Ligand code: SAM
């Protein structure tokens, strides 16, 4: 298919392509053409004179017989670089905190154009903060909402990202925890959020019971809805403080999940109280690289000894990098 194009020596091709992308005149429906010396960049319209002046001086207008592009352009094709984003349901979160508003808008536009599964693009305005571990967001483009449904391991989680915590980055970790659970176990998820640990366990195993606690009323609202959406049996959703609720379920848990990594250590007494003899605490922490596990193990041991119990460390795991020199870790400790 003959088209007007920019003919450019190969070594200058990339910078010319970026200019055409900036002006949105690169025709992404056509494959870029080439011969031994030149690239031929297809144009979607007649370039304006100021658009041509942005190009390397070797660039010239020409005609070329192009092949149609088989695949749909990706956001990277449209932008000339691959944008950094996280997908939660149909919402894309732009992760770069230094993104200026114009670039954020360009990225958002490319995501909405190239990925039909994305309906909304948001930018976090704050880090994950406060007792309820939530963020504030600005909607950059698309539908004006922060509520979505995320699918993970065949379960669906409805969440409003500005009201309750949720991250898909822990999905592998959730399946690792699942592998510890046996049919008939009682599980207490002390900081359950909208339910991604509790519901996965209830759906994939046959636990006697899963007690899912969270202090954030909005998280519990979605937790209850997610229990229903997923028809998860045997999950009791409780809005409350894990420290208080632990007293009601003392000595019942085969597994206690403590996914509140910044302050789980403050709840270790309650976790020990919850645990049956031989039950396992899944303890999360944020720790420095020169002391990944030892200080945390000491805290778990001290909490157990206060209750006249002993611990056996079963596993120590780096879950993910959290910040420079800081890691999100998990320790599996049996409470004897
Ligand atoms: N486990 C969930 C997940 O993976 O998506 C949520 C984890 S989020 C890091 C920690 C959760 O603990 C938040 O939903 C927060 O509201 C809850 N939380 C904080 N303090 C709490 C407390 N004292 N008792 C119960 N829940 C609490």
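In this note's numbering, the protein residues as written are 926 to 1261.
Positions of the beta carbon are idealized from the N, C-alpha and C atoms, including for glycine.
The structure displayed is predicted, hence computed values, not measured ones.
Given residue i as reference, the closest of the options once Cα atoms are compared
i            : options                   : result
residue 1095 : 1126, 1023 and 1121       : 1121
residue 1232 : 1260, 1066 and 1240       : 1260
residue 1196 : 1173, 1157, 1215 and 1090 : 1173
residue 941  : 980, 1117 and 960         : 980
residue 1023 : 1117, 931, 1048 and 1130  : 1048
residue 1057 : 1065, 1033, 1085 and 1133 : 1085
residue 998  : 1087, 951 and 1200        : 951
residue 954  : 944, 988, 1183 and 996    : 996
residue 1219 : 1258, 1040 and 1182       : 1258
residue 1163 : 1153, 929, 1178 and 1142  : 1142
residue 1250 : 1216, 1226 and 1239       : 1216
residue 1244 : 1053, 1040 and 1214       : 1214
residue 1252 : 1212, 1227 and 1226       : 1212
residue 929  : 943, 986 and 959          : 986
residue 944  : 1227, 1034 and 1006       : 1006
Cα-Cα separation, residue i to residue j
i            : j            : result
residue 1128 : residue 1210 : 26 Å
residue 1187 : residue 984  : 55 Å
residue 926  : residue 1068 : 37 Å
residue 1144 : residue 1221 : 27 Å
residue 1204 : residue 1097 : 23 Å
residue 1078 : residue 1009 : 24 Å
residue 1237 : residue 1190 : 17 Å
residue 1169 : residue 1025 : 44 Å
residue 982  : residue 1042 : 40 Å
residue 1099 : residue 990  : 52 Å
residue 1093 : residue 1082 : 10 Å
residue 1104 : residue 1161 : 21 Å
residue 1254 : residue 1159 : 28 Å
residue 1171 : residue 1200 : 10 Å
residue 994  : residue 958  : 11 Å
residue 1147 : residue 1182 : 19 Å
residue 970  : residue 932  : 15 Å
residue 1246 : residue 1072 : 27 Å
residue 1040 : residue 966  : 23 Å
CB of residue i within 8 Å of CB of residue j, strictly
i            : j            : result
residue 899  : residue 956  : In the structure as shown, the chain starts at 926 and stops at 1261, and residue 899 therefore has no counterpart that could be examined.
residue 1224 : residue 1193 : yes
residue 1124 : residue 1167 : no
residue 1235 : residue 1256 : no
residue 968  : residue 1004 : no
residue 1131 : residue 1114 : no
residue 1060 : residue 1051 : yes
residue 1110 : residue 1089 : no
residue 1116 : residue 1087 : no
residue 978  : residue 935  : no
residue 1178 : residue 1112 : yes
residue 1013 : residue 1091 : yes
Nearest-angstrom Cβ-Cβ length linking residue i and residue j, presumed shorter than 8 Å
i            : j            : result
residue 1151 : residue 1119 : 6 Å
residue 1198 : residue 1175 : 5 Å
residue 1138 : residue 1207 : Not really, about 14 Å apart at Cβ, beyond 8 Å.
residue 1001 : residue 964  : In fact, because the Cβ distance is near 18 Å, the residues do not count as touching under 8 Å.
residue 1180 : residue 1074 : That pair is no contact at about 27 Å.
residue 1140 : residue 1165 : 7 Å
residue 1045 : residue 1070 : 6 Å
residue 1065 : residue 1029 : 5 Å
Within-8 Å CB hit, residue i to chain C
i           : result
residue 966 : Protein chains in the displayed structure number just one, and chain C is not present.
Inset, instruction - Would you be able to state if there are at least three C-beta pairs under 8 Å between the stretch 1001–1021 and the stretch 969–981? - result: By the criterion of at least three beta-carbon pairs nearer than 8 Å, the stretch 969–981 is not in contact with the stretch 1001–1021.
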